[in-house]
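According to our numbering, the sequence shown is numbered sequentially starting from 31.
A quick write-up on the structure given underneath.
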Amino acid sequence: MAKKKKQFAVIGLGRFGGSVCKELYQRGHEVLAIDKDEDKVSEYVSYATHAMQVDTTDENAMKQIGIGNFEHVVVAIGDNIQASILTTLVLKEMNVPTVWVKAQNNYHHKVLEKIGADLVVHPESDMGRRIAHNMASEKVIDFIDLSDEYSIVELRATDKVNQKTLVDLNVRAKYGVTILAMKRGEEMNISPMPDDLIHQGDMLVVMGHKLDINRFEDEGL
Numbered sequence: 031m032a033k034k035k036k037q038f039a040v041i042g043l044g045r046f047g048g049s050v051c052k053e054l055y056q057r058g059h060e061v062l063a064i065d066k067d068e069d070k071v072s073e074y075v076s077y078a079t080h081a082m083q084v085d086t087t088d089e090n091a092m093k094q095i096g097i098g099n100f101e102h103v104v105v106a107i108g109d110n111i112q113a114s115i116l117t118t119l120v121l122k123e124m125n126v127p128t129v130w131v132k133a134q135n136n137y138h139h140k141v142l143e144k145i146g147a148d149l150v151v152h153p154e155s156d157m158g159r160r161i162a163h164n165m166a167s168e169k170v171i172d173f174i175d176l177s178d179e180y181s182i183v184e185l186r187a188t189d190k191v192n193q194k195t196l197v198d199l200n201v202r203a204k205y206g207v208t209i210l211a212m213k214r215g216e217e218m219n220i221s222p223m224p225d226d227l228i229h230q231g232d233m234l235v236v237m238g239h240k241l242d243i244n245r246f247e248d249e250g251l
């Protein structure tokens with residue numbers, strides 16, 4: 031049975047919105063690309079099902095293009111915070127079920143949450159943190175923030191833990207973190223056993239409080 035296509039609208043075709051638009055379209059979904067800049071719209075005609083020049087702060091204009099029929103709308107408006115907020119407000123008043131919005135700063139984030147944005151993202155900030163983590167430590171491969179305090183981090187095992195078992199490391203008791211999985215090459219070991227051996231270069235997927243993970247990274251690996 032063929033996978034059902036989803037319908038997305040992407041508003042704002044800058045670097046972030048443009049990449050979201052292209053990726054969704056390449057994955058076979060129906061995508062309406064929207065921007066107030068005619069040149070941007072022309073640029074994305076080949077990367078979307080439809081591309082339109084629209085003032086998304088104008089509720090009547092949004093009704094005319096049928097934006098209320100879309101289940102998923104991404105608001106990726108660049109530097110114009112007012113336009114981003116007004117567009118989000120229009121979408122939620124038109125009962126669009128899922129509205130994801132790019133935020134410029136924490137104040138913008140708070141306002142978006144208050145007016146009903148379903149998910150607020152900080153792509154530049156998130157990517158900046160990711161790069162900083164990777165630059166600051168040779169052990170960090172990748173990470174996901176679960177909240178302000180908790181993360182899941184992929185750490186590279188060093189020679190310090192080579193040929194040791196999870197029992198030997200005793201990370202939960204010593205550091206308060208949990209090793210969720212181990213990866214060696216292409217082989218992923220989900221829920222590793224206490225007597226599983228760790229090899230230098232293995233990837234350890236670790237979950238816990240950020241301070242505890244940092245301590246494990248500094249002292250345990």
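Positions of the beta carbon are idealized from the N, C-alpha and C atoms, including for glycine.
Remember, it's a predicted structure, so these values are computed and weren't measured experimentally.
Spatially closest choice to residue i from the options, by CA coordinates
i	options	result
Thr195	Val129, Met212, Val141, Ser177	Met212
Ser114	Phe100, Val150, His80, Ala91	Val150
Ser181	Val207, Val197, Asn200, Lys190	Val207
Leu176	Glu53, Lys190, Met237	Met237
Asp65	Gln56, Glu53, Ala91	Ala91
Thr86	Tyr77, Glu101, Asn110, Ser76	Asn110
Lys93	Gly108, Asp67, Lys122	Lys122
Asp67	Gly108, Val103, Glu216	Gly108
Ala147	Ile174, Gly58, Leu116	Leu116
Enclosing alpha helix (DSSP H) for residue i [first to last residue]
i	result
Phe46	45–56
Lys122	111–123
Gln230	Gln230 -> no alpha helix (DSSP H), and no H or E assigned at all.
Met92	89–94
Val191	From DSSP, Val191 is part of no alpha helix (DSSP H); its letter is neither H nor E.
Lys36	It is not in any alpha helix (DSSP H) - Lys36 carries neither H nor E in the DSSP assignment.
For residue i, the residue or residues it bridges with in DSSP
i	result
Leu142	According to DSSP, Leu142 bridges with nothing at all.
Ala81	Ala63
Arg214	Glu217
Nearest-angstrom Cβ-Cβ length linking residue i and residue j, presumed shorter than 8 Å
i	j	result
Val71	Val105	Rounded, the Cβ-Cβ distance is 16 Å, inconsistent with contact.
Leu185	Glu247	6 Å
Val197	Leu251	Not confirmed; about 16 Å, so no contact.
Spatial neighbours of residue i in its chain, beta-carbon cut-off 6 Å, leaving aside the 5 residues before and after
i	result
Thr79	Glu60, Val61
Met31	Its pLDDT being 42, under 50, Met31 is placed unreliably by the model, and the measurement read from it follows with that caveat. Answer for Met31: no residue qualifies.
Glu73	none
Tyr55	Val61, Tyr77, Ala78
Extent of the continuous beta strand (DSSP E) to which residue i belongs
i	result
Glu249	Note, Glu249: premise wrong, no beta strand (DSSP E); not H, not E.
Glu217	217–220
Val103	102–105
Proximal residues to residue i (C-beta, below 7 Å), its chain only, five neighbours per side dropped
i	result
Val75	Ala81
Nonlocal neighbours in the same chain, by C-beta distance under 8 Å from residue i, ignoring five residues either side
i	result
Met223	Leu196
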